[in-house]
Each structure stands twice: as structure tokens, then as C-alpha cells.
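Report on the following structure.
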Amino acid sequence: MATHNELGKKGEALAVSHLEQNGYIILEKNYRYLKAEVDIIAQIENTLVAVEVKTRSTPDFGNPQDFVKPKQIQLLVTAVNEYVSSKALEVEVRFDIVAIIQNKAGTKIEHLKDAFYHF
35 MATHNELGKK GEALAVSHLE QNGYIILEKN YRYLKAEVDI IAQIENTLVA VEVKTRSTPD
95 FGNPQDFVKP KQIQLLVTAV NEYVSSKALE VEVRFDIVAI IQNKAGTKIE HLKDAFYHF
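Sequence positions in the sequence shown follow our numbering and run 35 to 153.
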């Protein structure tokens, strides 16, 4: 597995742990619909939270959250709409980003709630 894939998988595991420690219930990991993949679907109280995890080894080229692009956001929204519809859920939906920088100096996790879209 390529180094960046390994870093991504570690980042997703760190994000799951972070969310669980903060009271979130993990419903799905790597949920796929058409061309979209939602890294984590979690729930806290009556809110369904779609979480995009961005992991980098350095902030030198920008913050991890800066790499969530409009097309990706559009795909995530479509996937989460399908998830909510297919399960007939009556919940608020929120889109979060968990930005992680992990390197030899340590690990920094930033949870950006309601990061890009809310309905």
C-alpha cells in the first residue's frame, strides 16, 4: 500500500477514535454511493454527521481541510442524501471535516463542525 494510503487509513482510525471519545456513535465507515465516498457517518444526539477526514504529514502545502474541493462536497451531499432517504431517517444533517496532521513531531487533530454545508 502506498505511503499516502497508509497515512489516510491511520487518519481515519484517529478520526473514529476522536469522534467516539467525544460522544459520537459511528454508523458507517467508507460509505459509498455512485462516485462518492463518505469517510465516516456518525450520529450525535439527533444529528447525523457526515465526516470527511483529511490527513497530511505536513501543513507546508496548506491545511488539510483546504483540500476538500467543491466537486467532492457535491458528491458527499448526494451520498448523504441517499443514505438518509434509503434509511428513512428523521435527523438533522451536518457535514464536518476532521483535519489531521501526523508526523514525527506528533499528531494534531482539528474537528471543524458544520464545515461546508448544512440543511
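Each residue gets a CB set at the ideal place from its N, CA and C atoms; glycine is no exception.
Mind checking Thr-141: buried by the 16 CB within 10 Å criterion, or exposed?
-> For the purposes of this step, residue 141 is taken as the residue at position 107 of the sequence shown. It is exposed - the Cβ of Thr-141 has fewer than 16 other Cβ atoms within 10 Å.
Glu-116 versus Lys-147, Tyr-67, Lys-88, residue with shortest Cα-Cα distance = As a first step, residue 116 must be located in the sequence shown, where it is residue number 82. Of the listed residues, the one whose Cα sits closest to Glu-116 is Tyr-67.
Which of helix, strand or coil does DSSP assign to Tyr-65?
-> Here residue 65 refers to the residue found at position 31 of the sequence shown. Note: Tyr-65 maps to strand in three-state DSSP.
From Thr-92, Ile-135, Tyr-58, pick the residue whose C-alpha is nearest to that of Lys-147; which is it?
-> In the sequence shown, residue 147 corresponds to position 113, counting from 1. When only C-alpha atoms are compared, the closest one is Tyr-58.
With a CB to CB cut of under 8 Å and the five nearest residues on each side skipped, what residues in its chain are close to Gln-149?
-> Position 115 of the sequence shown holds residue 149. Sequence check: residue 149 is Ala here, not Gln. Hits under 8 Å: Glu-86, Gln-99, Val-102, Phe-129, Asp-130, Ile-131.
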